[in-house]
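Visitor:
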Amino acid sequence: MNHETYIKRCIELALKAQGNTYPNPLVGSVIVHNGEIIGEGFHEKSGENHAEINAINSVTNKELLQESTIYVSLEPCSHFGKTPPCANKIIETGFKKVVIGTLDSHEKVNGKGKQIIEDAGIEVMSGVLEKECQELNKRFFTFHQKKRPFIILKWAESGDGFLDKDFKPTQIGNPLTKLFVHQLRSEEHAILVGTNTALTDNPSLTTREIAGRNPVRILIDFDLRVPGNFNIYNEESETIVFNSVKDMVEKNVKFIRIKKENFLENLMAKLYENQIQSVIVEGGSFTLQQFIDAELWDEAIIIKNENLKLSKGTSAPKFQNGNFETKIFRDNIIEFHKNL
Numbered sequence: 006m007n008h009e010t011y012i013k014r015c016i017e018l019a020l021k022a023q024g025n026t027y028p029n030p031l032v033g034s035v036i037v038h039n040g041e042i043i044g045e046g047f048h049e050k051s052g053e054n055h056a057e058i059n060a061i062n063s064v065t066n067k068e069l070l071q072e073s074t075i076y077v078s079l080e081p082c083s084h085f086g087k088t089p090p091c092a093n094k095i096i097e098t099g100f101k102k103v104v105i106g107t108l109d110s111h112e113k114v115n116g117k118g119k120q121i122i123e124d125a126g127i128e129v130m131s132g133v134l135e136k137e138c139q140e141l142n143k144r145f146f147t148f149h150q151k152k153r154p155f156i157i158l159k160w161a162e163s164g165d166g167f168l169d170k171d172f173k174p175t176q177i178g179n180p181l182t183k184l185f186v187h188q189l190r191s192e193e194h195a196i197l198v199g200t201n202t203a204l205t206d207n208p209s210l211t212t213r214e215i216a217g218r219n220p221v222r223i224l225i226d227f228d229l230r231v232p233g234n235f236n237i238y239n240e241e242s243e244t245i246v247f248n249s250v251k252d253m254v255e256k257n258v259k260f261i262r263i264k265k266e267n268f269l270e271n272l273m274a275k276l277y278e279n280q281i282q283s284v285i286v287e288g289g290s291f292t293l294q295q296f297i298d299a300e301l302w303d304e305a306i307i308i309k310n311e312n313l314k315l316s317k318g319t320s321a322p323k324f325q326n327g328n329f330e331t332k333i334f335r336d337n338i339i340e341f342h343k344n345l
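For the sequence shown, the numbering used here begins at 6 and goes up steadily by one.
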């Protein structure tokens with residue numbers, strides 16, 4: 006039996022819910038009987054059935070379950086949350102074997118789910134395509150292990166290294182890269198900009214170009230200079246405003262007071278408190294440079310239009326990193342960097 010084939014299928018299923026499960030991880034599950042897949046499922050949304058339950062429910066002939074192996078990309082949960090523990094359901098169903106992609110680093114699970122199933126006399130195998138399964142939930146693991154969100158830096162620059170022309174909003178990317186950016190927004194939990202970007206561009210920070218969820222919008226605006234009628238305050242999505250003036254909630258906007266001293270450290274702590282698992286930093290050069298200088302990033306996405314020369318404007322962040330791949334989007338190149 007090729008365990009890797011079935012865990013790969015678990016990963017494929019899990020990715021169908023990308024962007025929709027926060028604060029829960031992405032999980033897929035497959036049930037196999039005599040070398041044939043008889044059930045599949047994935048966790049579709051927080052508060053709804055987990056992958057294992059959906060896979061079990063999808064099986065037409067329940068009598069086959071006790072002679073089947075259940076595959077799951079992430080260790081079955083062992084605690085009561087919005088749903089009962091999946092480990093208990095697996096035991097109750099009576100599977101003959103459980104194959105797990107990777108263990109769950111969450112303190113409420115972390116080996117406990119596997120142990121409960123083993124203690125019930127069911128054979129358990131773990132660590133199948135472990136790296137791939139950890140990559141699937143890099144946001145979830147970073148959040149729980151480092152007590153901060155997974156940080157993605159993103160900007161677009163001209164061939165001569167500028168973010169805009171004459172310090173005014175300038176289109177650098179093309180329609181394809183614009184679609185890519187909106188898809189990225191739909192997959193990540195939140196998107197962050199600073200005061201100057203909000204004032205200059207008046208961005209909505211939504212997924213207008215595709216059918217997808219809008220990220221939580223994060224605005225760094227210490228003195229609350231951005232007017233309340235700007236797009237970032239509209240009701241299309243939740244907005245969190247980090248500032249030095251007030252703590253309060255107004256409709257879909259949450260104001261959180263924060264100190265300027267040790268700002269990034271304080272920001273990470275506040276985002277962790279608010280269960281924000283991943284953030285695209287799409288701010289201007291100053292905001293991006295703060296994260297770069299502090300080495301506080303996990304991935305960076307740089308859209309480059311080599312044929313576009315802007316001559317004068319806001320300089321792109323100073324950034325050097327050798328670990329990256331490139332993809333071509335017509336006349337644009339996108340660099341995908343990892344902070345290894």
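Even for Gly, the Cβ is constructed at its ideal location relative to N, Cα and C.
The structure presented is a predicted model; accordingly, all values stated were derived computationally and were not measured.
Can you check which of these residues, 75, 133, 226 and 280, is closest to residue 195 by C-alpha distance?
Guide: For the residues 75, 133, 226 and 280, the minimum Cα distance to residue 195 belongs to 280.
Visitor: Mark residue 159 as exposed unless 16 or more other C-beta atoms lie within 10 angstroms of its C-beta, in which case mark it buried.
Guide: Classification of residue 159: buried, given that the 10 Å Cβ count is 16 or more.
Visitor: Less than 8 Å separating the beta-carbons of residue 203 and residue 178?
Guide: No, Cβ-Cβ distance for residue 203 and residue 178 is not below 8 Å.
Visitor: Could you check what DSSP says for residue 148 in three-state terms: helix, strand or coil?
Guide: DSSP places residue 148 in helix when its eight states are reduced to three.
Visitor: First and last residue of the alpha helix (DSSP H) that includes residue 269?
Guide: Here the alpha helix (DSSP H) through residue 269 covers 268-278.
Visitor: With a threshold of 6 Å on Cβ separation, who are the neighbours of residue 322 within its own chain once the five nearest residues in sequence on each side are excluded?
Guide: If we look at residue 322 and ignore the five residues flanking it on each side, its Cβ neighbours are 290, 293, 294 and 297.
Visitor: Less than 8 Å between the CB atoms is what I'm expecting for residue 37 and residue 60, so what's the real figure, rounded?
Guide: Rounded, the Cβ-Cβ distance is 10 Å, inconsistent with contact.
Visitor: Please give the ranges of any alpha helix (DSSP H) in the segment 35-82, keeping only runs that are unbroken, at least 4 residues long and fully inside the region.
Guide: Runs found: 56-63.
Visitor: Quick check on the DSSP output: the alpha helix (DSSP H) that includes residue 133 runs from which residue to which?
Guide: Neither: residue 133 is in no alpha helix (DSSP H) and is coded neither H nor E.
Visitor: Any chance the segment 102-110 sits against the segment 63-71, with 3 or more Cβ pairs inside 8 Å?
Guide: Result no; under three Cβ-Cβ pairs closer than 8 Å.
Visitor: I'd like the list of long-range same chain contacts for residue 271, defined as Cβ closer than 8 Å, with 5 residues on each side in sequence excluded.
Guide: Cβ within range, chain order: 263 and 264.
Visitor: If you compare alpha carbons, which of 185, 154, 325 and 79 is closest to residue 351?
Guide: With the chain covering 6 to 345 only, the question about residue 351 has no answer from this structure.
Visitor: Could you spell out the range, first to last residue, of the alpha helix (DSSP H) harbouring residue 14?
Guide: Where residue 14 is concerned, the enclosing alpha helix (DSSP H) stretches over 8-20.
Visitor: Who does residue 199 pair with in a DSSP beta bridge?
Guide: In DSSP, residue 199 forms a bridge with 225.
Visitor: Give the DSSP-derived three-state secondary structure of residue 236 in the structure shown.
Guide: Three-state result, residue 236: helix.
Visitor: What residue does the alpha helix (DSSP H) around residue 93 start on, and which one ends it?
Guide: Taken as a continuous stretch (DSSP letters only), the alpha helix (DSSP H) holding residue 93 covers 91-98.
Visitor: Determine contact between the segment 44-55 and the segment 137-156, defined as no fewer than three beta-carbon pairs at a distance below 8 Å.
Guide: With the cut-off at 8 Å, the segment 44-55 and the segment 137-156 do not touch.
Visitor: What is the DSSP secondary structure of residue 258, counted as helix, strand or coil?
Guide: If DSSP states are grouped into helix, strand and coil, residue 258 belongs with the strands.
Visitor: May I ask you to check if the CB of residue 206 is nearer than 7 Å to at least one heavy atom of the ligand PLP?
Guide: Annotation note on the ligand PLP: not contained in the displayed structure, which lists no ligands.
Visitor: Whose C-beta lies closer than 7 Å to the C-beta of residue 117 among residues of the same chain, with five residues either side of it excluded?
Guide: Answer for residue 117: 83, listed in chain order.
Visitor: Just tell me which of 98, 10, 212 and 136 has its CA closest to the CA of residue 62.
Guide: Ranking 98, 10, 212 and 136 by Cα distance to residue 62 puts 98 first.
Visitor: So, helix, strand or coil for residue 191, using DSSP?
Guide: In the structure shown, residue 191 sits in a helix (DSSP, three-state: H, G or I).
Visitor: Confirm, please, whether the CB-CB distance from residue 341 to residue 306 is below 8 Å.
Guide: Yes, these two residues count as a Cβ contact at 8 Å.
Visitor: Within the same chain, show all residues whose beta-carbon is closer than 7 Å to that of residue 39, passing over the 5 residues directly before and after it, in chain order.
Guide: Nothing listed; no residue qualifies.
Visitor: For the alpha helix (DSSP H) containing residue 292, list its first residue and its last residue.
Guide: Counting along the chain, the alpha helix (DSSP H) containing residue 292 begins and ends at 290-298.
Visitor: Run the CB neighbour count on residue 287, radius 10 Å, all protein chains shown included, and call it buried at 16 or more, exposed below.
Guide: So residue 287 ends up on the buried side.
Visitor: Give the secondary structure of residue 107 by DSSP, where H, G and I count as helix, E and B as strand, and everything else as coil.
Guide: Strand.
Visitor: At what residues does the alpha helix (DSSP H) containing residue 263 begin and finish?
Guide: Where residue 263 is concerned, there is no enclosing alpha helix (DSSP H), given that its DSSP letter is neither H nor E.
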